[in-house]
Amino acid sequence: MSNRYSAWGRNYSDKVTVRMATDPQVREELVATVRRFVEREVLPVALELEHADEYPAAIVDGMRALGLFGITVPEEYGGLGLDLPTYTGVIEELAAGWMSLSGVLNTHVIAANLLKSCGTEEQRKRWLPPLAAGEIRGALSLSEPDAGSDTSALTCKAERDGDEYVITGTKMWVTNGVRAGLVALAARTAEGITCFMVEKEPGAERSGGISVSRNIGKLGYKGIETVEMVYDAHRVPADAVLGGDEGLGRGQHFILSALEVGRINIAARAVGVARAAFEAAIKYAQERETFGKPIAQHQAIQMKLADMGTQLQAARLLTEHAAELKEAGARCDVEAGMAKLFASEAAFEIATEAMRIHGGMGYTTELPVERYYRDAPLMIIGEGTNEIQRLVIARGLLQRYAID
Ligand SMILES: Cc1cc2nc3c(=O)[nH]c(=O)nc-3n(C[C@H](O)[C@H](O)[C@H](O)COP(=O)(O)OP(=O)(O)OC[C@H]3O[C@@H](n4cnc5c(N)ncnc54)[C@H](O)[C@@H]3O)c2cc1C
11 MSNRYSAWGR NYSDKVTVRM ATDPQVREEL VATVRRFVER EVLPVALELE
61 HADEYPAAIV DGMRALGLFG ITVPEEYGGL GLDLPTYTGV IEELAAGWMS
111 LSGVLNTHVI AANLLKSCGT EEQRKRWLPP LAAGEIRGAL SLSEPDAGSD
161 TSALTCKAER DGDEYVITGT KMWVTNGVRA GLVALAARTA EGITCFMVEK
211 EPGAERSGGI SVSRNIGKLG YKGIETVEMV YDAHRVPADA VLGGDEGLGR
261 GQHFILSALE VGRINIAARA VGVARAAFEA AIKYAQERET FGKPIAQHQA
311 IQMKLADMGT QLQAARLLTE HAAELKEAGA RCDVEAGMAK LFASEAAFEI
361 ATEAMRIHGG MGYTTELPVE RYYRDAPLMI IGEGTNEIQR LVIARGLLQR
411 YAID
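Structure, rendered in structure tokens:
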């Protein structure tokens with residue numbers, strides 16, 4: 011299988027030729043290219059954009075030029091056709107620079123993966139090429155004000171009317187909701203929960219019967235919108251049902267399966283944030299002196315650094331393992347859950363310890379350390395809270411270790 015990856019004339023790398031999606035050298039080259047992109051384009055501006063809560067339009071253009079919006083989309087539909095371990099490597103780099111950037115990609119990639127795995131050929135041909143090119147952006151709209159962990163409680167409904175469905179309901183927490191041109195939406199039909207691919211006008215607060223009713227303020231995860239959206243008798247053609255008629259009533263299954271990639275994305279983001287926090291801490295610990303020596307020479311600080319480094323390494327290994335299993339087509343609900351659970355808790359602990367190691371400076375908005383501390387909890391909540399992850403992991407383990 012051949013595959014071309016190009017930095018589109020940008021000076022981050024020479025043109026890189028991708029020969030095999032799973033070739034470790036290819037993976038390393040792309041990840042290194044994204045690391046350089048982050049160093050040059052993201053780190054100098056992330057602090058300012060974060061505190062202004064400003065959408066990183068220029069950075070997103072750069073991500074599009076790097077081909078990242080089509081990273082897992084097969085080449086025949088215009089994507090890079092790269093594998094999940096490569097995707098997680100890229101997400102770690104983006105999140106280490108600014109976690110919000112990984113959120114720009116996550117639900118977009120989930121929408122593309124839903125089409126890739128569950129869409130009809132016609133749906134794939136229609137939407138995957140513009141998604142891969144970043145011409146339209148994808149979003150995932152599963153959660154509702156009264157249905158987050160309990161997705162089976164969702165009330166948004168879609169009623170058949172001739173060749174159309176009429177969608178009515180309120181959706182909550184739609185990341186990328188305003189800028190998206192295609193929303194993978196879960197709604198209740200006569201057959202059960204169905205996934206619709208809903209087209210909307212990107213950037214508009216109103217599009218047909220869809221309106222953005224609230225832009226949700228957040229502790230962290232700044233610069234990227236998370237919104238509430240109301241569907242007021244919004245009409246979509248019947249062919250918007252993901253998977254066609256066979257997809258009716260199978261939406262919850264489709265989306266929960268796609269969320270495994272979402273969980274691996276969250277784990278990789280957590281590794282990125284944890285790495286940034288750890289590296290900031292170990293650098294500062296060697297520079298800052300108290301009682302006549304660098305604080306890194308105090309054993310209390312060394313204990314912290316040892317634990318942080320160990321947690322980081324374990325989080326990355328769990329994440330890589332889950333990505334490899336998913337890529338191989340193996341069942342990985344337990345492993346994706348473990349990676350997400352461990353990496354997000356590790357990121358939170360490492361971010362907290364990094365702040366403590368920085369003393370008073372860690373509490374200021376002059377350094378990114380306080381941002382790691384604010385961003386880390388999202389990974390504990392997003393794509394299924396860690397309480398829910400524990401339930402999923404336990405259920406899977408009890409099946410594997412079942413006794414007669
Ligand atoms: C910034 C942000 C962005 C998001 N982006 C998206 C998005 O793009 N698309 C989307 O669809 N959703 C999105 N979400 C929603 C996210 O997936 C939900 O917030 C999450 O699943 C939790 O749902 P909830 O907020 O309704 O909490 P609840 O379900 O109300 O849970 C509240 C608490 O109860 C616990 N709990 C619930 N049930 C159980 C149980 N059975 N056993 C033990 N504990 C339990 C939970 O762990 C949690 O601690 C986003 C959320 C945030 C914060």
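Residue numbers (this note's numbering): 11 to 414. C-beta: ideal position from N, C-alpha, C; glycine also.
Helix, strand or coil at residue i [DSSP, three-state]
i      : result
Ala349 : helix
Leu195 : strand
Leu115 : helix
Leu388 : helix
Ser12  : Residue placement at Ser12 is poorly supported in this model, since its pLDDT is 37, which falls under 50; the coordinates still yield a value, given next. Residue state, collapsed to three classes: coil.
Trp137 : helix
Gln409 : helix
Tyr65  : coil
Leu90  : coil
Glu154 : strand
Lys210 : coil
Tyr241 : strand
Lys228 : coil
Asn21  : Only weak support is given to the placement of Asn21: the predicted model assigns it a pLDDT of 36, under 50, and the value that follows is read from those uncertain coordinates. Looking at Asn21 - three-state DSSP - the assignment turns out to be coil, as it is neither helix nor strand.
Asp171 : strand
Ala338 : coil
Val36  : helix
Arg216 : strand
Pro95  : helix
Pro84  : coil
Ala31  : With a pLDDT of only 49 at Ala31, under the threshold of 50, the placement of this residue in the model should not be trusted, and no figure is reported.
For residue j and residue i, the rounded distance between their alpha carbons
i      : j      : result
Arg50  : Thr43  : 11 Å
Tyr383 : Ala295 : 18 Å
Thr165 : Phe264 : 18 Å
Val240 : Arg410 : 42 Å
Leu124 : Pro304 : 51 Å
Gly187 : Ile234 : 10 Å
Ile391 : Ala190 : 22 Å
Val36  : Ala68  : 26 Å
Pro54  : Glu376 : 13 Å
Gln312 : Ala306 : 6 Å
Glu64  : Phe288 : 26 Å
Ala361 : Ser354 : 10 Å
Met348 : Asn396 : 9 Å
Gly129 : Leu76  : 26 Å
Leu78  : Glu256 : 31 Å
Leu59  : Ala284 : 20 Å
Glu103 : Val83  : 20 Å
Lys232 : Leu388 : 11 Å
Glu359 : Ala277 : 14 Å
Ala324 : Ala291 : 18 Å
Outcome for residue i when other beta-carbon atoms lying within 10 angstroms are tallied against a minimum of 16
i      : result
Leu407 : exposed
Glu299 : exposed
Gln321 : buried
Arg170 : exposed
Thr374 : exposed
Ala31  : Caution is warranted here: a pLDDT of 49 is assigned to Ala31, below 50, making its placement in the model unreliable, and the coordinate value is therefore given only provisionally. By the neighbour-count rule (16 or more Cβ atoms within 10 Å), Ala31 is buried.
Asn225 : exposed
Leu229 : exposed
Pro378 : buried
Ile203 : buried
Ser159 : exposed
Ile403 : buried
Phe301 : exposed
Ala196 : buried
Glu154 : buried
Leu38  : In the sequence on display, residue 38 carries Glu and not Leu. Its Cβ having fewer than 16 others within 10 Å, Glu38 is exposed.
Gly339 : exposed
Cutoff 8 Å: residue i Cβ touching any chain B Cβ
i      : result
Ile101 : The displayed structure is made up of one protein chain only, and chain B is not part of it.
Candidates the options, of which the one nearest residue i by Cα
i      : options                        : result
Asp207 : Lys126, Glu235, Arg381, Val344 : As written in the sequence, residue 207 is Met, which differs from the Asp given in the question. Selected option, being the one with the closest Cα: Lys126.
Asp156 : Ala168, Gly172, Glu174, Trp183 : Trp183
Lys167 : Asp173, Ile177, Thr161         : Ile177
Gly219 : Val246, Val48, Leu315          : Val246
Arg273 : Ala332, Lys228, Glu363         : Ala332
Ala163 : Glu174, Gly179, Tyr175         : Gly179
Leu115 : Ile146, Glu131, Tyr87          : Ile146
Leu138 : Ile120, Glu154, Ser151, Ser153 : Ile120
Asp93  : Gln399, Ile81, Glu103, Glu86   : Ile81
Ala149 : Glu174, Leu192, Tyr231         : Leu192
Ala122 : Lys135, Val283, Leu111         : Lys135
Val100 : Ala62, Pro84, Val41            : Val41
Pro140 : Glu270, Gln309, Ala356, Glu86  : Glu86
Gly282 : Ala106, Met318, Gly319         : Ala106
Heavy atom of ligand 3 within 7 Å of residue i beta-carbon
i      : result
Ser159 : In the structure on display, ligand 3 does not appear, and the ligands it does have are ligand 1.
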